[in-house]
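Residue numbers (full-length UniProt numbering), protein chains in the order written: chain A, 1 to 347; chain B, 1 to 347; chain C, 1 to 347; chain D, 1 to 347.
Protein chains: 4
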Amino acid sequence: MTYKVAIAGATGYAGGEILRLLLNHPAYASGDLEIGALTGHSNAGQSVAELMPHLPQLADRTIVDTTVENLAGHDVVFLGLPHGHSGPIAKALGEDVVVIDCAADFRLKDAQEWEDFYGSEHAGTWPYGIPELPGHREQLQGSKRVAVPGCFPTTMTLGALPAVAGKLIEPDLTIIAVTGVSGAGKKASVPLLGAETMGSVKAYSPGGTHRHTPEVIQNLNPLAEAPVNVSFTPVLAPMPRGILATITAPLKEGITQEEVTKVFTEFYADEPFCHVLPVGQQPQTQNVVGTNMCHIQAHVDERARKLVITSALDNLTKGTGGAAVQCMNLSLGFAETAGLPLAAVAP
Amino acid sequence: MTYKVAIAGATGYAGGEILRLLLNHPAYASGDLEIGALTGHSNAGQSVAELMPHLPQLADRTIVDTTVENLAGHDVVFLGLPHGHSGPIAKALGEDVVVIDCAADFRLKDAQEWEDFYGSEHAGTWPYGIPELPGHREQLQGSKRVAVPGCFPTTMTLGALPAVAGKLIEPDLTIIAVTGVSGAGKKASVPLLGAETMGSVKAYSPGGTHRHTPEVIQNLNPLAEAPVNVSFTPVLAPMPRGILATITAPLKEGITQEEVTKVFTEFYADEPFCHVLPVGQQPQTQNVVGTNMCHIQAHVDERARKLVITSALDNLTKGTGGAAVQCMNLSLGFAETAGLPLAAVAP
Amino acid sequence: MTYKVAIAGATGYAGGEILRLLLNHPAYASGDLEIGALTGHSNAGQSVAELMPHLPQLADRTIVDTTVENLAGHDVVFLGLPHGHSGPIAKALGEDVVVIDCAADFRLKDAQEWEDFYGSEHAGTWPYGIPELPGHREQLQGSKRVAVPGCFPTTMTLGALPAVAGKLIEPDLTIIAVTGVSGAGKKASVPLLGAETMGSVKAYSPGGTHRHTPEVIQNLNPLAEAPVNVSFTPVLAPMPRGILATITAPLKEGITQEEVTKVFTEFYADEPFCHVLPVGQQPQTQNVVGTNMCHIQAHVDERARKLVITSALDNLTKGTGGAAVQCMNLSLGFAETAGLPLAAVAP
Amino acid sequence: MTYKVAIAGATGYAGGEILRLLLNHPAYASGDLEIGALTGHSNAGQSVAELMPHLPQLADRTIVDTTVENLAGHDVVFLGLPHGHSGPIAKALGEDVVVIDCAADFRLKDAQEWEDFYGSEHAGTWPYGIPELPGHREQLQGSKRVAVPGCFPTTMTLGALPAVAGKLIEPDLTIIAVTGVSGAGKKASVPLLGAETMGSVKAYSPGGTHRHTPEVIQNLNPLAEAPVNVSFTPVLAPMPRGILATITAPLKEGITQEEVTKVFTEFYADEPFCHVLPVGQQPQTQNVVGTNMCHIQAHVDERARKLVITSALDNLTKGTGGAAVQCMNLSLGFAETAGLPLAAVAP
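Take a look at the structure:
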């Protein structure tokens, strides 16, 4: 069987990354996967050559309007649209189509949290695309609906997970996550100009105001002894891609570096995309660029009695497009790692 | 009177920054300040034209060896040498010469802390060069010895100071400070190559292992109700200059954003180099590059009951060379702000 | 006398740079120069704190509308407006006001060239703000009107000038100028986003299509033996500031490196802002950032019989705002170098 | 059959890139290709985890000494060693082993040119690894020896080739090639520190002094009407990877943009890795990062009567490691494009 894949919002950064990965997917090479409609909004009618010159194989393709008509007739539809558009499209496409949504619409379970942070009516919840979360892989296998997580929540969740589940820390997390500028998307904006962002870092949406805060809490709460408290502040750094989260929390009485290392290493021993680094080595975003990997380290601050976890991934790959393809693999029954690079484009 | 100034270790980044500031100092323009010997070690005999082409006024100067002979006969000597060299030189120069030391040797009061973090014998303590710390300005006025602080401790201290002194927080600080690459100095090294640092961030010396940890604790302890606990992790970011510290701590019962803003604003109302930003605006390192300013914001994370303070400065100016010149101004009786830019080279 | 200065279009990059320089100008410190109205268009009513946080001294100022009323009553008016607005404003302000225009309107002498490259009616010509061009300094002294040059033409002109005037080359110039992203201004645009420009270079407006081409030809023609031919292509590089031009031209028969070095060195011997580097050393934009300097080198390619000239400056300082202040100094009778840094913010 | 591959100098940037590509090669996935010895010099005994954390699949491997013993017993040996080492090793390995040399040793045919530019005895010439050069693909098929070209010569050759072969220009080329910092290799050096290279560009090895000059001339001469004259100046830009060459040459009488576009498009119609962009679109290095592609444009400068060609590639992929794997594919009889990405990691 050949699966026909469409991408709505193909010209954004998430769409472009999904395309890059699909073009290198073994199912694409073998003809089991075919790239169908590529849709956009303001740039419908323009060519891929013009809009995404990094995809020369598709140079002759034309972007079509994001309509149900254009998306119908595909087996898999990736949605890379602004929040609020996914629900109606998914409904119209029907239950037999695999819909993988890169927006936030179906991530949060708590309707009040949704309304507080997004200011609109709650759309519901779909299987959540972090297969590494206990119990989630099973839900994603064969699922026709997937809510791809936010890039920050994936970084923070994968970092904090072993410590929370392993009861190494009090669940009171201070998280600073440094992100590259592509996280803000491909829309014209003065504060995101090269001249405003190069050679400079700044914090934004400090402490609790970023929409990804309730998402990470939702991910960690089921595994924690007590409700998880998170103070999360993102920092914008002058690099195109990458997120590095530092997660600091009070270390439980008596926990040692040795135990921490053991818990982290064993927790991810069978996960192909989570790589706990050797003791003493810190994650660097360069080493995950273009890959579906999350590199992780956990360091015991003896003096301050804190655990300092660091986790790094590529916000466009494991943070969005790679996670989307990983979930597609699980949905269609491909090997979970198919088409997902482990080795980074470094330096 | 004309003050004659020498710089030992002139070709490093701290030395170059001190020279840039002195060349624009009104006392240099008026002839009250003269630039004398510029010393170096491996590059003695080379010209400034070759080693510091950003200082065309001094192009014809030659770097001489770092010896007491070459440094003698000056009224002010700035030391930009590796740790361990400052004591003997200062002693040999005598008590009448103003010695402003950019190394760590005379910063820490606790001999044990020094030995734990630096691994050598404690040299003693000199007046510490953060005039904004209560009581310090008075010690620095007319002082013949100054220990210029580390760049991280200045950023962290100026950020945390109003909250600690104002009793807004429990003194349990989690600090992540993102730094530009010049902080590591001008020495050949593979991990600091452009190819290894551009487009990438990484944490290093995580939680408690960085030498600047005891220094910030020493600064804050006298103003705190209880011993200050600090978990500090630096992050290396792809920019030449700048530090952005995020300081998170448990907010005391009942403290509001309004009170926080009031305390911070009033605390620094008379300080020319500390600028508390309007509510809702976050510090960005670009806005302090080349200046002696520290931009500060304090945000109440209501949900997590944390205070999130952000502070930004230029590690080579307010973080090192600017602080050194500010202290020279206090020592010699110049206006404290003389020759120290407030307006940044942005973008 | 106190000169009162207004800036129209103050919130753009040119306006911000003029302000940075004026705030450090000795005439500002002495009270001989006062900063008056700061005007803008879409952001009138907003504060400087919000729009230009790198200028803390002016934080409390409010941007007013760009109208003749708001600009009237000043002795000097800098114009940082889009092309086409300068003429009417200058006329309305009257002949006694010094008007220094950072737009292109009054740069080109040839009406046809203007129409070909800018597509509107030719406004006329004002004294052209490169004092280093033979005869120009005299025209600028006391002038009430100044056309500040484009940033590329200044870089290219200062580099090529000694070779053209000194008859070292055939006047057939191939110029590639690598520029930082601030050259494109502070307006929202997808191709100028940080994510599109970091870690990447691209050429644009290739060979002859850039509007600065006729301007450099106009500058060089009067000094050349024959009409100057220029093929100019700019390249956008991932840095906030700086231009590096490489100018290649056929070397005349018999000309040696020794003669070239002699001609260049002597040509700029008395120019405070043109610095010919020692033989073997190449200009680097970092070494001119924030300064009004142009660093220049000229290398004889023996094998290909070409002269390869390289020149570097800061597009916002010597390329725009610094040149504007230099011309203000000449107009008002201040020292030409007043308030204009020679030492760069490096690294 | 399973081909066993060794890499000498595996921990350098070329070695790391070859490994990244091999790990994603379909022959590696199918077991037809196996990664054997990885050798180094100063870092022998260290783990890949420590030295190349971007290759987690090989984390447990240890780097061994670069000796003939360690390299023996492989079917393919890639050499990423400093100039001068390849000859003796190749000889010792014997004629049955495929040796693919990333150093310069066997590139130049003219012994005098070798001695002039490299200062040692000429080692000879091997089949030269630009399959896109007329006649070269045939020589590389099945060859047991390959000299991988320099990254600049590949960029310049692929750009200039259609114009020289198509007789569109006089063969008098002015080339400015902007390069990322990884081109200088992974060795400690002050001028290549992040602080020295970020936010800054500089020219180096100007006009005719760079060793890659004779290599591009050698490539183009056989196709030109007259001896090719090249003035080549590289410029270092703040990005990890990528080269953008601008090649300017006198346009022949009567040649139009239409003809130029036709010649370029047809010349590369069947080449999988050479992509001539639509008229009006310029190459950007971001769009080739991580790929084996060369993006090319050719623009007629009507006014100056010049042809301005721009070509972009990733110096570590098509410029080195990708070319090496492409040549391995030709040598072993794999599909030429196997394992070589066309779609870039952008933004």
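Glycine included, every Cβ here is placed at the ideal spot set by N, Cα and C. Keep in mind that this is a model prediction, so the values were computed, not measured.
Would you call C:A346 buried or exposed, if buried means 16 or more other Cβ atoms sit within 10 Å of its Cβ? Counting from one through the third sequence, the residue named residue 346 of chain C turns up at place 346. With 16 or more Cβ atoms within 10 Å of its Cβ, C:A346 is classed as buried.
Is DSSP giving D:D116 helix, strand or coil here? Within the fourth sequence, the letter at position 116 stands for residue 116 of chain D. The answer is helix: DSSP assigns D:D116 an H, G or I state.
Can you list, in chain order, the residues of its chain with a C-beta nearer than 7 Å to that of D:P26? Leave out the 5 residues immediately preceding and following it. Along the fourth sequence, one-based indexing puts residue 26 of chain D at 26. Closer than 7 Å at the Cβ level, and outside the excluded window around D:P26, lie A338, G339.
Can you grab the Cα-Cα spacing for the pair D:T265 / D:G159, in whole Å? Residue mapping note: residue 265 of chain D aligns to position 265 of the fourth sequence, counting from 1. Residue mapping note: residue 159 of chain D aligns to position 159 of the fourth sequence, counting from 1. If you take the alpha carbons of D:T265 and D:G159, they lie about 12 Å apart.
Closest to B:P53 by CA distance: which of C:C294, C:T179, C:I247, C:G135 is it? For this step, residue 53 of chain B is matched to residue 53 along the second sequence. Residue C:C294 is the option with its Cα nearest to B:P53.
Every unbroken beta strand (DSSP E) inside the region 193–244 of chain D [3 residues or more]: 229–236
Taking a Cβ distance cut-off of 9 Å, strictly less, list which residues of the region 238–266 of chain A are near chain C, in chain order. P238, M239, P240, R241
For the alpha helix (DSSP H) that contains A:Y28, what are its first and last residues? Your numbering for residue 28 of chain A matches position 28 in the first sequence. A:Y28 -> alpha helix (DSSP H) spans 26–29.
Which of the residues in the region 283–303 of chain B, read from start to end, lie with their CB under 9 Å from any CB of chain A? P283, Q284, T285, Q286, N287, V289, Q297, H299, V300, D301, E302, R303
Do D:V325 and D:L21 have their C-beta atoms within less than 9 Å of each other? In the fourth sequence, counting from the first residue as 1, residue 325 of chain D sits at position 325. In the fourth sequence, counting from the first residue as 1, residue 21 of chain D sits at position 21. Yes, they are a contact pair.
Touching or not, the region 247–264 of chain B and the region 209–226 of chain A, by the rule of three or more beta carbon pairs under 8 Å? no
I need the straight-line Cα distance from A:V289 to A:H299, nearest angstrom please. On the first sequence, position 289 is the one that residue 289 of chain A refers to. On the first sequence, position 299 is the one that residue 299 of chain A refers to. Rounded to whole angstroms, A:V289 to A:H299 spans 23 Å at the Cα level.
Spatial neighbours of A:A184 within its chain, please: C-beta separation below 6 Å, excluding the five flanking residues on both sides. Numbered from 1 along the first sequence, position 184 holds the residue referred to as residue 184 of chain A. Closer than 6 Å at the Cβ level, and outside the excluded window around A:A184, lie L192.
For A:P250, list the residues DSSP reports as bridge partners. The residue given as residue 250 of chain A occupies position 250 in the first sequence. For A:P250, which the question treats as bridged, DSSP gives the partners A:K306.
Start-to-end residues for the alpha helix (DSSP H) that takes in B:H136: Locating residue 136 of chain B in the second sequence gives position 136, counting from the first residue. First-last of the alpha helix (DSSP H) with B:H136: 136–140.
In chain C, what lies closer than 8 Å to A:G194 by C-beta? Taking the first sequence and counting its residues from 1, one reaches residue 194 of chain A at position 194. Residues of chain C passing the Cβ test: V181, L192, L193, G194, E196, T197, M198, P238, P240.
Please decide whether A:P227 counts as near chain D, where near means a Cβ-Cβ distance under 9 Å. The count along the first sequence starts at 1 and reaches residue 227 of chain A at position 227. No, no contact with chain D.
Since A:K186 meets chain C, which of its residues come closer than 9 Å, beta carbon to beta carbon? By 1-based counting over the first sequence, the position of residue 186 of chain A is 186. Within 9 Å Cβ-Cβ: V190, L193, A195, E196.
Whose CA, out of C:V64, C:A104, C:G9, lies closest to the CA of C:H83? In the third sequence, the residue the question calls residue 83 of chain C occupies position 83. Of the listed residues, the one whose Cα sits closest to C:H83 is C:A104.
DSSP beta-bridge partners of A:A177: Numbered from its first residue, the first sequence carries residue 177 of chain A at position 177. DSSP, once it has assigned bridges, lists A:P234, A:A245 as partnering A:A177.
What separation, rounded to the nearest whole angstrom, lies between the Cα atoms of B:K91 and B:Q218? As a position in the second sequence, residue 91 of chain B is number 91, starting the count at 1. As a position in the second sequence, residue 218 of chain B is number 218, starting the count at 1. If you take the alpha carbons of B:K91 and B:Q218, they lie about 25 Å apart.
Starting from B:C327, trace the beta strand (DSSP E) both ways and give me its first and last residue. Locating residue 327 of chain B in the second sequence gives position 327, counting from the first residue. From DSSP, B:C327 is part of no beta strand (DSSP E) but of the alpha helix (DSSP H) over 322–332.
Could you tell me the distance, in whole angstroms, from the CA atom of C:E121 to the CA atom of C:H85? The residue labelled residue 121 of chain C in the question sits at position 121 within the third sequence. The residue labelled residue 85 of chain C in the question sits at position 85 within the third sequence. If you take the alpha carbons of C:E121 and C:H85, they lie about 12 Å apart.
For D:Y13 and chain B, any beta-carbon pair shorter than 9 Å? In the fourth sequence, the residue the question calls residue 13 of chain D occupies position 13. At least one chain B Cβ lies under 9 Å of D:Y13.
Can you check whether the CB of C:K306 is closer than 9 Å to the CB of D:G208? For this step, residue 208 of chain D is matched to residue 208 along the fourth sequence. For this step, residue 306 of chain C is matched to residue 306 along the third sequence. Yes.
So, for C:P278: in the same chain, excluding its five sequence neighbours on each side, which residues have a beta-carbon less than 8 Å away from its beta-carbon? Within the third sequence, the letter at position 278 stands for residue 278 of chain C. Hits under 8 Å: none found.
Listed by chain order, chain C residues near B:E138 by CB distance under 8 Å: Residue 138 of chain B sits at position 138 when you count from the first residue of the second sequence. Simply none; closest approach about 25 Å.
Alpha carbon of A:K109 to alpha carbon of D:T310, nearest angstrom: By one-based count along the first sequence, residue 109 of chain A stands at place 109. By one-based count along the fourth sequence, residue 310 of chain D stands at place 310. If you take the alpha carbons of A:K109 and D:T310, they lie about 52 Å apart.
Mind checking whether C:L81 and C:G9 have CB atoms under 9 Å apart? Taking the first residue of the third sequence as position 1, residue 81 of chain C is located at position 81. Taking the first residue of the third sequence as position 1, residue 9 of chain C is located at position 9. Their beta carbons are under 9 Å apart, which means C:L81 touches C:G9 by this criterion.
Where do the N-terminal and C-terminal ends of the alpha helix (DSSP H) with B:L93 fall, by residue? The sequence position of residue 93 of chain B within the second sequence is 93, counting from 1. Taken as a continuous stretch (DSSP letters only), the alpha helix (DSSP H) holding B:L93 covers 86–93.
Quick check on DSSP: helix, strand or coil for C:E34? Start at 1 with the first residue of the third sequence, and residue 34 of chain C comes out as number 34. The answer is strand: DSSP assigns C:E34 an E or B state.
Any C-beta of chain C sitting closer than 9 Å to the C-beta of D:L307? Sequence index remark: in the fourth sequence, residue 307 of chain D carries index 307 (1-based). Yes - at least one Cβ of chain C is within 9 Å of the one on D:L307.
Neighbourhood of D:Y13 by C-beta, 7 Å cutoff - its chain only, sequence neighbours within 5 removed: Position 13 of the fourth sequence, counting from 1, holds the residue named residue 13 of chain D. The residues are S182, G185, K186, L316.
Rounded straight-line distance, which links the Cα of D:Q141 to that of D:L332: Taking the fourth sequence and counting its residues from 1, one reaches residue 332 of chain D at position 332. Taking the fourth sequence and counting its residues from 1, one reaches residue 141 of chain D at position 141. Those two C-alpha atoms are separated by around 8 Å.
Show which residues of chain A have a CB atom less than 7 Å away from the CB atom of D:A344. Against the fourth sequence, residue 344 of chain D aligns to sequence position 344. The contacting residues are H54.
Rounded to a whole number of angstroms, what is the C-alpha to C-alpha distance between A:Y77 and A:T11? The sequence position of residue 77 of chain A within the first sequence is 77, counting from 1. The sequence position of residue 11 of chain A within the first sequence is 11, counting from 1. The residue you asked about is not Tyr; residue 77 of chain A is Val in the sequence shown. Distance between the alpha carbons of A:V77 and A:T11: 15 Å.
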